[in-house]
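To start, the structure itself, in structure tokens.
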Amino acid sequence: MRHLFALVDCNSFYASCEQVFDPRLKGRPVVVLSNNDGCVIARSAEAKAVGIRMGQPFFEQQELILRHGVQVFSANFTLYGDMSNRVMEVLRQFSPHMEIYSIDEAFLDLRGFRGNLEEYGRRIKSTVYRWTGIPVSIGIGPTKTLAKIANRISKHHLDTKGVFDITDHPEIDRLLEAVAVGDVWGIGRRFVKFLNSRGVTNARQLRDLPDKFVKQQMTVVGLRTVTELRGQPCLRLEDLAAFKKNLLSSRSFGRPLTERSEMEQAVAEYAALSAEKLRRQRSLASAVSVFIETDSFRQGPQYGNFATAGLAVPTAYTPEIIRAAEAALAKIWLPGYIYKKAGVLLSQVIPESDFQLDVFAYDGGIRIKRSLMKAMDAVNQRWGRNTVYYAAQGVQRPWGMRQKRLSKRFTTRWEEIPTVKA
DNA sequence: TCTGGGGTCCTAGGACCC
DNA sequence: TCTGGGGTCCTAGGACCC
1 MRHLFALVDC NSFYASCEQV FDPRLKGRPV VVLSNNDGCV IARSAEAKAV
51 GIRMGQPFFE QQELILRHGV QVFSANFTLY GDMSNRVMEV LRQFSPHMEI
101 YSIDEAFLDL RGFRGNLEEY GRRIKSTVYR WTGIPVSIGI GPTKTLAKIA
151 NRISKHHLDT KGVFDITDHP EIDRLLEAVA VGDVWGIGRR FVKFLNSRGV
201 TNARQLRDLP DKFVKQQMTV VGLRTVTELR GQPCLRLEDL AAFKKNLLSS
251 RSFGRPLTER SEMEQAVAEY AALSAEKLRR QRSLASAVSV FIETDSFRQG
301 PQYGNFATAG LAVPTAYTPE IIRAAEAALA KIWLPGYIYK KAGVLLSQVI
351 PESDFQLDVF AYDGGIRIKR SLMKAMDAVN QRWGRNTVYY AAQGVQRPWG
401 MRQKRLSKRF TTRWEEIPTV KA
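What follows is the structure, given as structure tokens:
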């Protein structure tokens, strides 16, 4: 049977989440900032219209923001994660097979669907909006890459009303010619530069390039993209959530660090965060790496380094991960620098089930460690992150994130649930 | 002038995504 | 004053083996 994909993408997702819980924000320019209130990472349509740029530092756009009365929010990932789950639950009702591609996007498998696809898409769109308050756009096509393009078209052309099907479109060439080559999924900055230098500027030209040339210059990855543009699927729907082979927790500090004791706390904090992610996907790690770096935007001596410490036995036990992280940090720590960022990477990750214990041998206390972690995760799940934590993570945390404009956790904390006054 | 022919595994780095 | 965070896949090249 012929393949058919729908890509459902939430419009200005983070900004839309903020708008759901404060109706006064509807129709007004809204932006959401990255951690530490650094860059703009989401903009409502109105914010785009007044010229706020994506990924640009907040302070550079402050004048524009003031002039247009743009509402500004610190990133509230607890809220966005929960809203994402709600949207995905609604989508699940419209197709037996679905791939959650990112926090705000999902592919639906529509193979074998009979009837008017765009009409079906509009039903999906209005149901998601009514049940969650989040507006979405939907692109439909015979390959994921074409569904992505159809999605772009649905966003840019008002007459599509947010849903566009590109399958067997009579004017496919004209449509693809209107898509810049850099807007094709899988074509990044480097290849745009290369392709432009060869006179290839739009998706239609890319589609019509000879296989041999594409493979030579852009590897099999590029060839897949081109083949998909021709309507021949190379990428399947990935039903199951991908098992992560690396888990990274890293963060810039709210203010720079110079003391080793503070760096140790920050690294312990990120190690604990990574260990939590590890347990969430029921896995164990055998290697812990740490990196630290100074602020490249500032003048002054720069330093950055990376080191790994192995674990004798694969584990997800926070104290063991913290200990390994501190061993790795010891290898690279140099005093005298002003540090801005650090991170902890867990690798050689395996499913918990691959590591079976010998029933008769001493288990190294693993059962107790497991129950302890389970209890800790449950408490933190119920009462909020870091309700219980290790002393190594520090109590004061002067280096913690700046989040001056955080909205409430409307959907995950009873104390912060919105109330309606009569 | 000559310096085999494979194969596997690992790592670093590049490119991309949201 | 102020510049995000977290992933994946592929390739090339080196080490090592027979």
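Those letters in the first sequence? Residues 1 to 422, by our numbering. We treat Cβ as the ideally placed atom computed from N, Cα and C, and that holds for glycine.
>> Applying the 10 Å Cβ sphere with the 16-neighbour rule, what's the burial state of A49?
In response: Locating residue 49 in the first sequence gives position 49, where the first residue counts as 1. Answer is exposed; the Cβ neighbour count stays below 16.
> Excluding the five sequence neighbours on either side, which residues of its own chain have a C-beta within less than 7 Å of the C-beta of E99, listed in chain order?
Replying inline: Numbered from 1 along the first sequence, position 99 holds the residue referred to as residue 99. Counting only residues of its own chain and dropping the five nearest sequence neighbours on each side, E99 has a CB closer than 7 Å to the CB of A106, F107, L237, E238 and D239.
>> Going by beta-carbon coordinates alone, are S407 and F58 separated by less than 9 Å?
In response: Along the first sequence, read from residue 1 onward, the residue named residue 407 stands at position 407. Along the first sequence, read from residue 1 onward, the residue named residue 58 stands at position 58. Not in contact: S407 and F58 (Cβ atoms no closer than 9 Å).
>> Please report the straight-line C-alpha distance between D9 and M218, rounded to a whole angstrom.
In response: Here residue 9 refers to the residue found at position 9 of the first sequence. Here residue 218 refers to the residue found at position 218 of the first sequence. Each residue's alpha carbon lies about 27 Å from the other.
> Is L33 near S74, with beta carbons less than 9 Å apart?
Replying inline: Walking along the first sequence from the start, residue 33 turns up at place 33. Walking along the first sequence from the start, residue 74 turns up at place 74. Cβ atoms of L33 and S74: closer than 9 Å.
> Taking just the CA atoms, how far does Y120 sit from W131?
Replying inline: Indexing the first sequence from 1 puts residue 131 at position 131. Indexing the first sequence from 1 puts residue 120 at position 120. Computed Cα separation, rounded: 17 Å.
>> Assuming A316 and A275 are in contact, meaning their beta carbons sit under 8 Å apart, how far apart are those beta carbons, in whole angstroms?
In response: Translated into the one-based positions of the first sequence, residue 316 becomes position 316. Translated into the one-based positions of the first sequence, residue 275 becomes position 275. Going by Cβ atoms, the distance from A316 to A275 rounds to 6 Å, so yes, they are a contact pair.
>> List, from N- to C-terminal side, the alpha helix (DSSP H) runs of 4 residues or more that fit wholly inside the stretch 27 to 64.
In response: 45 to 49
> Just to confirm, are L4 and D109 a CB contact at a threshold of 9 Å?
Replying inline: Locating residue 4 in the first sequence gives position 4, where the first residue counts as 1. Locating residue 109 in the first sequence gives position 109, where the first residue counts as 1. Yes, they are a contact pair.
>> Whole angstroms are fine: how far does the CA of L223 sit from the CA of L25?
In response: As a first step, residue 25 is located in the first sequence; it is residue number 25 there, counting from the start. As a first step, residue 223 is located in the first sequence; it is residue number 223 there, counting from the start. Put simply, the backbone Cα of L25 is about 44 Å away from that of L223.
> Quick one: is G188 buried, meaning 16 or more other Cβ sit within 10 Å of its Cβ, or exposed?
Replying inline: In the first sequence, counting from the first residue as 1, residue 188 sits at position 188. Exposed, since its Cβ has fewer than 16 Cβ neighbours within 10 Å.
> Helix or strand or just coil, what does DSSP make of N151?
Replying inline: Within the first sequence, numbered from 1, the residue matching residue 151 stands at position 151. The answer is helix: DSSP assigns N151 an H, G or I state.
> What number of angstroms, rounded off, separates the C-alpha of R367 from the C-alpha of Q302?
Replying inline: The count along the first sequence starts at 1 and reaches residue 367 at position 367. The count along the first sequence starts at 1 and reaches residue 302 at position 302. Inter-residue distance for R367 and Q302 is about 45 Å (C-alpha atoms, whole angstroms).
>> Determine whether the beta carbon atoms of L146 and L229 lie at a separation below 9 Å.
In response: Here residue 146 refers to the residue found at position 146 when the first sequence is read from its first residue. Here residue 229 refers to the residue found at position 229 when the first sequence is read from its first residue. Yes.
>> Could you give the first and the last residue of the continuous alpha helix (DSSP H) run that contains N202?
In response: Stepping through the first sequence from its first residue, residue 202 is reached at position 202. Run containing N202: none; DSSP gives neither H nor E here.
> If you measure from the CB of A147, is any heavy atom of the ligand HEM nearer than 8 Å?
Replying inline: With respect to small molecules bound, the structure shown includes none, and the ligand HEM cannot be examined in it.
>> Within 10 Å of its beta-carbon, does A47 have 16 or more other beta-carbons around it, so buried, or fewer, so exposed?
In response: As a position in the first sequence, residue 47 is number 47, starting the count at 1. With 16 or more other Cβ atoms within 10 Å, it is buried.
> Got a sec, what are the start and stop residues for the alpha helix (DSSP H) N196 sits in?
Replying inline: Numbered from its first residue, the first sequence carries residue 196 at position 196. Segment R189 to S197, the alpha helix (DSSP H) holding N196.
> Helix, strand or coil: how does DSSP classify S12 here?
Replying inline: Here residue 12 corresponds to residue number 12 of the first sequence, with the count starting at 1. Correct three-state label for S12: coil.
> How would you write the range of the beta strand (DSSP E) that R251 sits in, first residue to last?
Replying inline: Sequence index remark: in the first sequence, residue 251 carries index 251 (1-based). Unbroken beta strand (DSSP E) run through R251: L247 to L257.
>> Between the stretch 29 to 43 and the stretch 87 to 94, can you find at least three pairs of beta-carbon atoms closer than 8 Å?
In response: no
>> Give me the DSSP bridge partner(s) of G365.
In response: Taking the first residue of the first sequence as 1, we reach residue 365 at position 365. In DSSP, G365 forms no bridge with anything.
> What is the rounded straight-line gap between the Cα of R298 and the Cα of Q71?
Replying inline: Position 298 of the first sequence holds residue 298. Position 71 of the first sequence holds residue 71. So the two alpha carbons sit approximately 29 Å from each other.
>> Please list the terminal residues of the continuous beta strand (DSSP E) segment that includes L345.
In response: Position 345 of the first sequence holds residue 345. From DSSP, the beta strand (DSSP E) with L345 extends over Y339 to S347.
> In this structure, does DSSP put P351 in helix, strand or coil?
Replying inline: The residue you call residue 351 lines up with position 351 of the first sequence. DSSP places P351 in strand when its eight states are reduced to three.
>> Report the CB separation of G141 from I153 in whole angstroms; it is logged as a contact under 8 Å.
In response: Along the first sequence, one-based indexing puts residue 141 at 141. Along the first sequence, one-based indexing puts residue 153 at 153. That pair is no contact at about 10 Å.
>> Comparing C-alpha positions only, which one of V267, V90, G69 and A150 sits nearest to D168?
In response: In the first sequence, the residue the question calls residue 168 occupies position 168. Ranking V267, V90, G69 and A150 by Cα distance to D168 puts A150 first.
>> Just list the residues that DSSP pairs N305 with in beta bridges.
In response: Position 305 of the first sequence, counted from the start, is the residue given in the question as residue 305. DSSP, once it has assigned bridges, lists I292 as partnering N305.
> Residues in its own chain within less than 6 Å of I65 by CB, not counting five upstream and five downstream?
Replying inline: In the first sequence, counting from the first residue as 1, residue 65 sits at position 65. Once the five neighbours on either side are set aside, I65 has no close Cβ partner at all.
>> Once DSSP output is grouped into helix, strand and coil, what is the label at A180?
In response: As a first step, residue 180 is located in the first sequence; it is residue number 180 there, counting from the start. Here A180 sits in strand by DSSP.
> Exposed or buried, N196, counting other C-beta atoms within 10 Å across all chains shown (16 or more means buried)?
Replying inline: Residue 196 sits at position 196 when you count from the first residue of the first sequence. So N196 ends up on the exposed side.
> Taking DSSP as the reference, what is the three-state secondary structure of G222?
Replying inline: Taking the first residue of the first sequence as position 1, residue 222 is located at position 222. In the three-state scheme derived from DSSP, where H, G and I count as helix and E and B as strand, G222 is classed as helix.
> At which residues does the beta strand (DSSP E) containing E105 begin and terminate?
Replying inline: For the purposes of this step, residue 105 is taken as residue 105 along the first sequence, with counting starting at 1. Run containing E105: E105 to D109, per the beta strand (DSSP E) assignment.
>> My assumption, with CB atoms under 8 Å, is that W399 sits in contact with R260. Please give the rounded CB distance.
In response: Position 399 of the first sequence, counted from the start, is the residue given in the question as residue 399. Position 260 of the first sequence, counted from the start, is the residue given in the question as residue 260. Between R260 and W399 the Cβ distance is about 13 Å, and since that is not below 8 Å, they are no contact.
> Do C39 and Q56 have their C-beta atoms closer together than 9 Å?
Replying inline: In the first sequence, counting from the first residue as 1, residue 39 sits at position 39. In the first sequence, counting from the first residue as 1, residue 56 sits at position 56. Cβ distance < 9 Å, so C39 and Q56 count as in contact.
>> According to DSSP, is P418 part of a helix, a strand, or is it coil?
In response: Indexing the first sequence from 1 puts residue 418 at position 418. For P418, the secondary structure class from DSSP, reduced to helix, strand or coil, is coil.
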